[in-house]
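J.:
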Amino acid sequence: MNNFFKKIYFFIIFSLILTPFCVIKSTASSGTLKPTITVGVPTDRCPMLYVDDSDNIVGIGIDLLRIAAENAGYDVTFEEIEEKTLKDALDNPAYDLVMPLGSAIKSAAGQDTVISEDLMVTPFTIVTSVGDPLPDLTHSKIGMLSSLAGGAETLKTLYPEIEIVFFKTMPDCIDALRKDRVNALIHNTYVWSYILQKPSYKDLIIHPSTVYTVEFQVGAIDTPESRALISGINQGISMISDSQRQAIILDYTSRKLYKYTFYDYIYVYGYIIFSACIIIILITLHFISQQRLIKKEQEHKIRQLTEYDSLTGAFSAAGFNKKVIELLQTNPTTPYIITYNNIKNFKFINNQLGRQAGDDLLRFFVERVSEHLTPKEAIGRLDADHFVLLAIIPEGSILDNRVQSILTPIKNFFINRGSDYDVQVSYGIYVLTPSDYETLEIDHMLDYARFAERKARESNSGDYEVYNIDQWEKGKLLSDVCGHFSTALKQNEIQVWYQPQVNYKTGKIVGAEALCRWNHGALGWISPGLFIPMLEQANLIYELDKYVWDKVCQDIHRWDKQGDKKSISINLSRFDIEANNNIAKYFSDLTKRHNISPLQLRIEITEGAYVANSQLILETTERLHEYGFIVEMDDFGSGYSSLNMLKEVPVNVIKLDYGFFRGELHKDKSKIIINHIIKMLRSLQIDLIAEGVETKEQADFLLDKGCDIMQGFYFFKPMPVNDFEALDFNNISLK
Ligand code: C2E
Ligand code: MG
Ligand code: MG
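Offset between the sequence shown (1-based) and the numbering used here: plus 17.
Here it is as structure tokens:
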């Protein structure tokens, strides 16, 4: 008995241990026994059939078929169809079944199909633009996806008159609806519930009344095997309860399956994103401008500290240096001086009258001087009572009114404030030389001015000393000439004189050269040889020449009116050509304005100009020819000329300066050269005027060699216009 119970006990224990293994084994063996079917489906119709985030094919249709298949004892796998349409997919032997079908259609290859019972019935509804009425489907143009060909056939049977337009994609459908190319769109209601979640489709509205229903079935090519399979599936479908079906549909349609794309986010949040961007940009710009402002302010402060003297507001040593360089570079032709100024006994002022009084005087000094400075001048304080000045050389005497009017109030600074202390300033002057404008060594210039100031202070001979007195004279002359020039023009100090040109053979006056003369208010008569180069250097020559040419044209016009046609040579500086790059047109307009012929204004360009800027002068000469002017090369033989030039320069006349061949030395050689020049010019058919002819001997020699036209003191000196008009042009009486 005991043994029997023991056996029973072991049997139970053994059975309990083995039971789970037996269960697993039978399930496993039953799993391998289940046949697997492959179903081809499209995946472009969420929530019916689509691919989820884990790349699984899911949807209402998938769930329903899976349940039906399981009910029928099948395992099922779903594959996305690669064919364009379901009709094509039916012919693919890789699929046991294809879905969704709405009826037993023929495959693309024309084979009959067998279809299952309805897995479900899907309602199809209309979508229009918001505000559009529900169209009467009998005579409407409806848009559908081309993949819904089966659904379209059903629709056509219901509404034979309906016009259906197919589109490949849903955006194409919606675009057509918005552009009124179709009256409405039709699709599966469940799919609409998904599609219309897209934010930019807010302008579309679904009309809830179902248009028609389409069966949702699986199918395959009609074969005995597929019939058997479909019949099994039908059994499975019949086992799906309505509530089970509704639960699946509700599950999918209530999920927020639509995933926002980038463009959806832009559509929904575009305004906010735009505003945020604008705000960020504005903040950034504001920040940048603030930074710039701060930087500017800091730079300004630093500049104030380093470039200006905090006590007086004058430039510091560094600031003065910088300012002087800037002024010299921008005014390279202005005659400047640098002065070094020292208040005598400043220590005594500080000690006796107090530091405050000393500071007041320093401030007053800068204030007073600054009042008299132009923007082209500058004042700096190097240290203590030592001031430096960059000033334009004043016209007139060194201690002119300007200096006096500056210094007198400084001198009387304390006297005007009730003390009897007379302030004395000593200063040294350095006159800038042309090379200073190039080297810009300001420290050297200051050293020279300081040196001169010390000399002035130590010598006790006066308040000031000039470091380089010769340069001072030159600078002052330059200043007297250039500084006074515009006044001279207004006050008629500049006149046009004429030097007749004669035909020595016939004894007649054939023309004249216009030469300017300046009766300077302070300097008396000054020669063109002096002031022309200065005016050229200061870029003032063009002003002078325009004035001269105008006067000459006025005279020619007056003589014309008196029945006396004259032609006059005028001088054209190369600086005029540089100042006006269409000078030929200027002359043409000028002669037109004065109603005279271009042939009456003969234009002299010096030989040197052709060498200095040959291309520009050559072009100008050619243009002058085009306007009908005669061009004369002035001062030929003055040293620059190469005979080669005669080949290139299209001048009509050469003015041979006899002055260059004067002098007893090499007299014979000069004659040989002149003789050959005359011969050469004749062969080249270039006319010749000999100028600077001073003696009968020279005139006879030139005439003998074939040069008839001459200009020179032997015949006439340049003379005022009245004297010139009084001459007998037909008979020059020579001594
Ligand atoms: P240039 O054009 O060669 O003028 C001839 C110069 O030679 C004149 O000097 C004239 O007075 C001088 N001269 C004439 N015959 C004799 C002579 O027999 N012996 C000597 N020793 N000299 C004689 P000027 O008037 O002093 O003019 C000098 C230069 O100044 C001119 O040389 C010309 O290049 C320039 N010039 C004169 N007036 C003007 C003008 O209105 N505009 C321009 N741009 N330059 C002018
Ligand atoms: Mg001349
Ligand atoms: Mg000349």
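C-beta: ideal position from N, C-alpha, C; glycine also.
If you follow the alpha helix (DSSP H) that aspartate 652 is part of, which residue opens it and which one closes it?
T.: Careful: aspartate 652 lies outside any alpha helix (DSSP H), inside the beta strand (DSSP E) at 648-653.
J.: Examine the Cβ distances between the segment 154-167 and the segment 270-286 and report whether three or more of them are shorter than 8 Å.
T.: no
J.: With hydrogens ignored, establish whether the beta-carbon of glutamate 621 is closer than 6 Å to any heavy atom of ligand 2.
T.: yes
J.: Report whether the distance from the Cβ of leucine 532 to the nearest heavy atom of ligand 1 is below 6 Å.
T.: yes
J.: Between the segment 583-595 and the segment 604-624, are three or more C-beta pairs nearer than 8 Å?
T.: Contact between the segment 583-595 and the segment 604-624 is present: 3 or more CB-CB pairs across the two stretches fall below 8 Å.
J.: Between proline 737 and isoleucine 427, what straight-line distance do the alpha-carbon atoms span, to the nearest angstrom?
T.: 50 Å
J.: Are the CB atoms of lysine 672 and glutamate 708 nearer to each other than 7 Å?
T.: yes
J.: Starting from tyrosine 444, follow the beta strand (DSSP E) in both directions and report where the run begins and ends.
T.: 442-448
J.: Compute the Euclidean distance between the alpha carbons of alanine 629 and isoleucine 594, then round it to the nearest angstrom.
T.: 12 Å
J.: Is aspartate 652 near ligand 3, in the sense that its beta carbon is under 6 Å from a heavy atom of that ligand?
T.: yes
J.: What does the alpha-carbon distance come out to for the pair tyrosine 521 and alanine 716?
T.: Note on geometry: alpha-carbon atoms of tyrosine 521 and alanine 716 lie some 8 Å from one another.
J.: Between which residues of its own chain and serine 43 is the CB-CB distance below 7 Å, once the five residues before and five after are set aside?
T.: Unreliable placement is indicated for serine 43, whose pLDDT of 35 sits below 50; no coordinate value is reported for it.
J.: Does alanine 754 come out as helix, strand or coil in the three-state DSSP assignment?
T.: Since the first residue of the chain shown is 18 and the last is 752, residue 754 is not available in this structure.
J.: What runs of the beta strand (DSSP E), each 3 residues or longer, lie entirely inside the segment 536-597?
T.: 541-543, 585-589
J.: Secondary structure at valine 405, three-state DSSP: helix, strand or coil?
T.: strand
J.: So which of Asp581, Arg534, Glu388, Leu540 has the shortest CA-CA distance to aspartate 562?
T.: Arg534
J.: Assign aspartate 704 to one of three DSSP states: helix, strand, or coil.
T.: strand
J.: Mind reading off the beta-carbon distance from asparagine 358 to lysine 393? Whole number of angstroms is fine, and I expect it under 8 Å.
T.: About 19 Å; that fails the 8 Å criterion.
J.: Can you list, in chain order, the residues of its chain whose CB lies under 6 Å from that of leucine 35, leaving out five sequence neighbours each side?
T.: In this prediction, leucine 35 has a pLDDT of 40, which is less than 50 and means its spatial position is unreliable; nothing more can be read from the coordinates.
J.: DSSP beta-bridge partners for serine 255?
T.: Bridge partners of serine 255: none, in fact.
J.: Is glutamate 553 near ligand 3 - that is, is its Cβ less than 6 Å away from at least one heavy atom of it?
T.: no
J.: Measure the beta-carbon distance from leucine 114 to isoleucine 74 and round it to whole angstroms, keeping in mind my assumption that it falls under 8 Å.
T.: The beta carbons of leucine 114 and isoleucine 74 sit about 14 Å from each other, so the pair does not count as a contact at 8 Å.
J.: Using the C-alpha atoms, what's the distance from methionine 161 back to phenylalanine 184?
T.: 6 Å
J.: So what's lysine 491 in DSSP terms, helix, strand or just coil?
T.: Residue state, collapsed to three classes: helix.
J.: How is the alpha helix (DSSP H) around asparagine 205 delimited, first residue to last?
T.: Here asparagine 205 belongs to no alpha helix (DSSP H); instead the beta strand (DSSP E) covers 201-205.
J.: I want to check one thing, is the minimum distance from the CB of glutamate 711 to the heavy atoms of ligand 1 below 6 Å?
T.: yes
J.: Three-state secondary structure (DSSP) at valine 75?
T.: strand
J.: Is valine 708 near ligand 3, in the sense that its beta carbon is under 6 Å from a heavy atom of that ligand?
T.: Strictly speaking, residue 708 in this sequence is glutamate, with valine absent from that position. Ligand 3 has a heavy atom closer than 6 Å to the beta-carbon of glutamate 708.
J.: Is the beta carbon of glycine 492 less than 7 Å from the beta carbon of proline 352?
T.: yes
J.: How is phenylalanine 730 classed by DSSP in three states: helix, strand or coil?
T.: coil
J.: Under the criterion of a Cβ to heavy atom distance below 6 Å, does phenylalanine 741 qualify as lining ligand 1?
T.: no
J.: Can you give me the C-alpha to C-alpha distance between phenylalanine 548 and glutamate 490, rounded to a whole angstrom?
T.: 14 Å
J.: Output the boundary residues of the alpha helix (DSSP H) element that contains glycine 762.
T.: Here the chain covers residues 18 to 752 and nothing more, so residue 762 does not appear.
J.: Give me, in chain order, the residues of the same chain whose beta-carbon lies closer than 7 Å to that of serine 163; leave out the 5 immediate sequence neighbours on both sides.
T.: So the qualifying residues of the chain are Phe183, Phe184, Lys185.
J.: Would you list the residues sitting across from tryptophan 514 in a DSSP beta bridge?
T.: Leu532, Pro737
J.: Straight-line CA distance for isoleucine 446 to asparagine 362?
T.: 20 Å
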